[in-house]
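So in my numbering, the last one in the sequence shown is 638, and the numbering has no gaps at all.
Written out below as structure tokens is the structure these notes cover.
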Amino acid sequence: MKRRDFIKTMGVASALTLPGVGNRLISSPYSLPNTNNSDQSLPLWKGFNLLNKFNPNTQTVFNEKDFEMVADWGFNFVRIPLSYWCWSSEEDWYSVDEKVLKEIDGAVDLACQYNLHINLNFHRVPGYCINNARPLPTNIFEDEEPLKACQFHWKLFAERYKGIPSSQLSFNLINEAPSVEDEKYDRVARRLISTIRGVDPDRLIIVDGKDVGRTPLMTVTDIPNIIQSGRGYDPMLISHFRATWPGVKVLMDFPEEELSWPLKVNGKVTDKQSVYQASVAPWEPWVKQGGKVHIGEMGCYNKTPHKIAMAWLEDVFALFKEQNWGWSLWNLEGDFGVLNSKRNDVKYENYKGFLLDREMLELLKRS
Numbered sequence: 272m273k274r275r276d277f278i279k280t281m282g283v284a285s286a287l288t289l290p291g292v293g294n295r296l297i298s299s300p301y302s303l304p305n306t307n308n309s310d311q312s313l314p315l316w317k318g319f320n321l322l323n324k325f326n327p328n329t330q331t332v333f334n335e336k337d338f339e340m341v342a343d344w345g346f347n348f349v350r351i352p353l354s355y356w357c358w359s360s361e362e363d364w365y366s367v368d369e370k371v372l373k374e375i376d377g378a379v380d381l382a383c384q385y386n387l388h389i390n391l392n393f394h395r396v397p398g399y400c401i402n403n404a405r406p407l408p409t410n411i412f413e414d415e416e417p418l419k420a421c422q423f424h425w426k427l428f429a430e431r432y433k434g435i436p437s438s439q440l441s442f443n444l445i446n447e448a449p450s451v452e453d454e455k456y457d458r459v460a461r462r463l464i465s466t467i468r469g470v471d472p473d474r475l476i477i478v479d480g481k482d483v484g485r486t487p488l489m490t491v492t493d494i495p496n497i498i499q500s501g502r503g504y505d506p507m508l509i510s511h512f513r514a515t516w517p518g519v520k521v522l523m524d525f526p527e528e529e530l531s532w533p534l535k536v537n538g539k540v541t542d543k544q545s546v547y548q549a550s551v552a553p554w555e556p557w558v559k560q561g562g563k564v565h566i567g568e569m570g571c572y573n574k575t576p577h578k579i580a581m582a583w584l585e586d587v588f589a590l591f592k593e594q595n596w597g598w599s600l601w602n603l604e605g606d607f608g609v610l611n612s613k614r615n616d617v618k619y620e621n622y623k624g625f626l627l628d629r630e631m632l633e634l635l636k637r638s
């Protein structure tokens, strides 16, 4: 199920908060051996998503200036959403463009150079992508062949980066798994983790929560050295106001003059406590089991009035800070970012060739 379908099925309520679902512990035939018994303390990683390899049609070489700025501002984390189409193709899952992989090597080198933890995330894999514009012919959560192909690519990355410590590099299996049965996601996650750990037993692995990153996969409590990744987008009416791609009518039709934070719709108030219930409370069962959480994506689209965006972000960041959770803003440069965000109600600062939203950056720095 695509992000837009997941949200659509929930109507107006989804634009306010997306509810969690129940959790069950399920045994699996793919149980992993305990290859790493260390109780790794999770650093407070905070930073940005860098989208250079997010879209094969617009992919670019990673820019050292981005890593330098992130480090200079005091952040310590970059997440790299990757489409496998950048170095391979839908027509031939097993093709590999070494030139593109060397460009990803460059990002890893730059992150190490600037003392930033780098998280390599497969945003598009064979048989799945959360924001696919058209149905794919196969489904990694249902079909064996795309899963085998995804294992091939993760093995390639595991071999390529073996030896780089997990303090510097982690792998993020699949971006925003859909609303599928726990058993199906568990099967995919365990197969991919087994593939990676077969090459690099101690590699730190991040598993996105299910339901597009909003609820924990509780079946993986037995797997050592993993983190689950959450999201900071609730309510969607604030974070994605006037965004076309979710396909939700209320995001386009809601009157801007009625938009506010806290938000009031049909007599119902959505506020900081509502964000807690949507974005924090679902993770409590995972945390109680000793699980660790990092917010892999969060942010606010540039059509949301800046004053409202800032008030909402302040509450969201405060909640994550209370949980001692790190986060990664979507994105550094672009419609959700602090650079070149194309907002019409911001007084930008000229900064190293970019237009900087200084107010938003300062909020991030104190969060």
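Every residue, glycine too, gets a C-beta built ideally from N, C-alpha and C.
| said: Within the continuous beta strand (DSSP E) that includes R350, where are the two ends? | reply: Stepping through the sequence shown from its first residue, residue 350 is reached at position 79. R350 -> beta strand (DSSP E) spans F348 to S354.
message: For L381, tell me which candidate among V564, V332, R458 and L634 has the shortest Cα-Cα distance.
response: Along the sequence shown, one-based indexing puts residue 381 at 110. Checked all of V564, V332, R458 and L634; the closest Cα to L381 is V332.
Checking 8 angstroms against the spacing of the C-beta atoms, do S550 and G480 come in under that value? If you number the sequence shown from 1, residue 550 lands on position 279. If you number the sequence shown from 1, residue 480 lands on position 209. Going by C-beta atoms, S550 is not nearer than 8 angstroms to G480.
_Where the beta strand (DSSP E) through F512 begins and ends_ = Residue numbering aside, residue 512 sits at position 241 when the sequence shown is read from its first letter. No beta strand (DSSP E) holds F512; DSSP gives it neither H nor E.
Handout entry: S298 burial status per 10 Å Cβ neighbour count (16 or more: buried)
Key = Taking the first residue of the sequence shown as 1, we reach residue 298 at position 27. Note that S298 scores 33 on pLDDT, short of 50, meaning its location in the model is unreliable; the coordinates nonetheless yield the value given after this. Looking at its Cβ environment, which holds fewer than 16 other Cβ atoms inside 10 Å, S298 is exposed.
CB-CB length for K636 against G345, believed under 8 angstroms
Residue mapping note: residue 636 aligns to position 365 of the sequence shown, counting from 1. Residue mapping note: residue 345 aligns to position 74 of the sequence shown, counting from 1. Yes, they are in contact, since the Cβ atoms of K636 and G345 sit about 6 angstroms apart, within 8 angstroms.
According to DSSP, is D337 helix, strand or coil? As a working mapping, residue 337 is identified with position 66 in the sequence shown. Residue state, collapsed to three classes: helix.
From I494, R431, V470 and G434, pick the residue whose C-alpha is nearest to that of A460; which is it?
For the purposes of this step, residue 460 is taken as the residue at position 189 of the sequence shown. For the residues I494, R431, V470 and G434, the minimum Cα distance to A460 belongs to I494.
ask   = For E604, which residues does DSSP report across the bridge?
value = Working through the sequence shown from its first residue, we reach residue 604 at position 333. Its beta-bridge partners are L610.
6 angstroms CB neighbourhood of K324 in its chain, flanking five on each side removed = As a position in the sequence shown, residue 324 is number 53, starting the count at 1. Here the set comprises Q330, L353 and C357.
Point to revise | Selected residue, minimal CA-CA separation from E369, among Y456, Y355 and L522 | key: Within the sequence shown, residue 369 is the residue found at index 98, counting from 1. It is Y355.
Pop quiz: W425 and L463 are said to be a contact at Cβ under 8 angstroms. What is the actual Cβ separation, rounded to whole angstroms?
Your numbering for residue 425 matches position 154 in the sequence shown. Your numbering for residue 463 matches position 192 in the sequence shown. Confirmed, about 5 angstroms.
query: Roughly how many angstroms separate the alpha carbons of V451 and L488, rounded to a whole number?
result: Counted from its first residue, the sequence shown places residue 451 at position 180. Counted from its first residue, the sequence shown places residue 488 at position 217. Near 11 angstroms, if we compare the C-alpha coordinates of L488 and V451.
Within 10 angstroms of its Cβ, does K317 collect 16 or more other Cβ (buried), or is it exposed?
Translated into positions along the sequence shown, residue 317 becomes position 46. It is buried - the Cβ of K317 has at least 16 other Cβ atoms within 10 Å.
- Message: So, with DSSP's three-state summary, where would you put D479?
- Response: Along the sequence shown, read from residue 1 onward, the residue named residue 479 stands at position 208. In the structure shown, D479 sits in a strand (DSSP, three-state: E or B).
If I measure Cβ to Cβ from N305 and keep anything under 7 angstroms in the same chain, skipping five residues before and after, which residues do I get?
On the sequence shown, position 34 is the one that residue 305 refers to. Reliability fails at N305, whose pLDDT of 41 lies under 50, so the model's placement of it is uncertain and the value that follows must be treated cautiously. Excluding positions up to five away in sequence, the list reads P495.
- Going by beta carbon distance, what residues of the same chain come within less than 6 angstroms of A448, once the five residues before and after it are set aside? Indexing the sequence shown from 1 puts residue 448 at position 177. The residues are Y456, D479 and K481.
Using the Cβ count rule (16 or more neighbours within 10 Å means buried), how would you classify N573? For the purposes of this step, residue 573 is identified with residue 302 of the sequence shown, where counting begins at 1. N573 is buried by the Cβ-count criterion.
Item to check | Cα-Cα separation, V470 to V564 | outcome: Here residue 470 is taken as the residue at index 199 of the sequence shown, counted from 1. Here residue 564 is taken as the residue at index 293 of the sequence shown, counted from 1. Those two C-alpha atoms are separated by around 25 angstroms.
Quick check on G484: does DSSP put it in helix, strand or coil?
Stepping through the sequence shown from its first residue, residue 484 is reached at position 213. Looking at G484 - three-state DSSP - the assignment turns out to be helix.
| Chain-order list of residues whose beta-carbon lies under 7 angstroms from that of V546 (same chain, five-residue window excluded) | The count along the sequence shown starts at 1 and reaches residue 546 at position 275. Cβ neighbours of V546 beyond the five flanking positions: D505, D586, V587 and L590.
- request: Using 10 angstroms around the beta-carbon of S366, count the other beta-carbons present and answer buried if the total reaches 16, otherwise exposed.
  value: Numbered from its first residue, the sequence shown carries residue 366 at position 95. Exposed is the call here.
Review point. Helix, strand or coil: how does DSSP classify G377 here?
Key: Position 106 of the sequence shown holds residue 377. Looking at G377 - three-state DSSP - the assignment turns out to be helix.
Q.
Tell me the DSSP secondary structure of G570 in three-state form.
A. By one-based count along the sequence shown, residue 570 stands at place 299. Coil.
Range of the contiguous beta strand (DSSP E) that encloses S441: Taking the first residue of the sequence shown as 1, we reach residue 441 at position 170. It spans L440 to N443 - the beta strand (DSSP E) in which S441 sits, taken as one unbroken run.
* Same chain, Cβ closer than 6 angstroms to L372, neighbours up to 5 away in sequence not counted -> Along the sequence shown, read from residue 1 onward, the residue named residue 372 stands at position 101. The residues are W358.
- One or two residues paired with C357 in a DSSP bridge: On the sequence shown, residue 357 is found 86 positions in, with the first residue counted as 1. Answer is none; C357 lacks a bridge partner.
For S441 and I476, which I take to be in contact (beta-carbon distance under 8 angstroms), what is that distance rounded to the nearest angstrom? Position 170 of the sequence shown, counted from the first residue, corresponds to residue 441. Position 205 of the sequence shown, counted from the first residue, corresponds to residue 476. Indeed, because the Cβ distance is near 7 angstroms, the residues count as touching under 8 angstroms.
* Might you give, ordered along the chain, the residues of its own chain that have their beta carbon closer than 8 angstroms to the beta carbon of P327, omitting 5 neighbours on each side? => Working through the sequence shown from its first residue, we reach residue 327 at position 56. So the qualifying residues of the chain are S354, W356 and C357.
### Task
Starting from S435, trace the alpha helix (DSSP H) both ways and give me its first and last residue.
As a working note, residue 435 is residue 164 in the sequence shown. The amino acid at residue 435 is misidentified as Ser; the sequence shows Ile. Per DSSP, I435 belongs to no alpha helix (DSSP H) and is neither H nor E.
Practice prompt. Would you mind stating whether D616 and P576 have Cβ atoms separated by less than 8 angstroms?
Written response: In the sequence shown, residue 616 corresponds to position 345, counting from 1. In the sequence shown, residue 576 corresponds to position 305, counting from 1. Cβ atoms of D616 and P576: closer than 8 angstroms.
Self-check item: Same chain, Cβ closer than 7 angstroms to V558, five either side skipped, listed in chain order
Solution: Position 287 of the sequence shown, counted from the start, is the residue given in the question as residue 558. Hits under 7 angstroms: V564.
Worksheet item: In this structure, does DSSP put I494 in helix, strand or coil?
Response: Translated into positions along the sequence shown, residue 494 becomes position 223. The answer is coil: DSSP assigns I494 none of H, G, I, E or B.
Open item on the list: Cutting at 6 angstroms between CB atoms, please list the residues of its own chain near N443, excluding the five before and the five after it.
Closed with: Taking the sequence shown and counting its residues from 1, one reaches residue 443 at position 172. Excluding sequence neighbours, N443 sits near N390, N392 and I477.
Status (buried if at least 16 other CB within 10 Å, exposed otherwise) for D310: Stepping through the sequence shown from its first residue, residue 310 is reached at position 39. Bear in mind that the predicted position of D310 carries a pLDDT of just 37, short of 50, making it unreliable; the figure below should be weighed with that in mind. Looking at its Cβ environment, which holds fewer than 16 other Cβ atoms inside 10 Å, D310 is exposed.
Can you give the Cα-Cα distance for P526 and A582, rounded to whole angstroms? For the purposes of this step, residue 526 is identified with residue 255 of the sequence shown, where counting begins at 1. For the purposes of this step, residue 582 is identified with residue 311 of the sequence shown, where counting begins at 1. Those two C-alpha atoms are separated by around 19 angstroms.
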